[in-house]
Amino acid sequence: MKLAEALQERADIQRRLAQLKDRLRSNARVQEGESPAEDPEALLSEMDGLFARLEHLIIRINLTNSAVAEEGVTLTELIARRDCLERKIQMLREFLNTASDVVSRALRSEIRILSTVKVADKRRQLDRLCKEYRELDSKIQQINWLTDLR
Numbered sequence: 153m154k155l156a157e158a159l160q161e162r163a164d165i166q167r168r169l170a171q172l173k174d175r176l177r178s179n180a181r182v183q184e185g186e187s188p189a190e191d192p193e194a195l196l197s198e199m200d201g202l203f204a205r206l207e208h209l210i211i212r213i214n215l216t217n218s219a220v221a222e223e224g225v226t227l228t229e230l231i232a233r234r235d236c237l238e239r240k241i242q243m244l245r246e247f248l249n250t251a252s253d254v255v256s257r258a259l260r261s262e263i264r265i266l267s268t269v270k271v272a273d274k275r276r277q278l279d280r281l282c283k284e285y286r287e288l289d290s291k292i293q294q295i296n297w298l299t300d301l302r
């Protein structure tokens, strides 16, 4: 199994567990004399099986991520870099949106509101970060599809 396939299966299991949680909640109690729509014991058994498979996958994914070296860097390090880049891009984008907001003045005598940074320069920096993010994400996806799960 390739790492990318394991990641897809993990995501699928997590979606199934979220649905199972709702089904369990819906079948936890019934009115006296009524029966639940689904057997809670069967749902709990399914939950146990899904969590066992999820734990197994997470262990194998983490072992694979920490062992795979691309140019001397582990996949874990590449993922950490990508995640931090994503957050940095989001924060910088929000800052620049605020810095570039136009504040209308009805009269020339009203106080002028100015940006504290050169927005155009910072937008170019943001564009470079976005490009770096896209390239890094593509590299990670490629590694995921080429790497066998440990």
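The opening position of the sequence shown corresponds to residue 153 in my numbering, with each subsequent residue numbered one higher. Ideal Cβ placement from N, Cα and C applies to all residues, glycine included.
Simplified DSSP state of K154, which is helix, strand or coil: Assigned with DSSP and collapsed to three states, K154 falls in strand.
N179 versus D300 - alpha carbon distance: Cα-Cα distance, rounded: 40 Å.
Beta-carbon proximity check, A219 vs R302, cutoff 8 Å: yes
Check whether L159 and I211 have beta carbons under 8 Å apart: In this structure, I211 does not lie closer than 8 Å to L159 by Cβ.
Spatial distance of S267 from R181 (CA atoms): Looking at the two C-alpha atoms, the distance is approximately 58 Å.
Distance, N296 Cα to E207 Cα: 19 Å
Nonlocal neighbours in the same chain, by C-beta distance under 8 Å from T226, ignoring five residues either side: N217, S218, A219 and V220
Complete alpha helix (DSSP H) runs within the region 192-240 (minimum length 4 residues, chain order): Listed in chain order, the alpha helix (DSSP H) runs fully inside the region 192-240 are 192-219, counting runs of at least 4 residues.
DSSP-derived helix/strand/coil call for D253: coil
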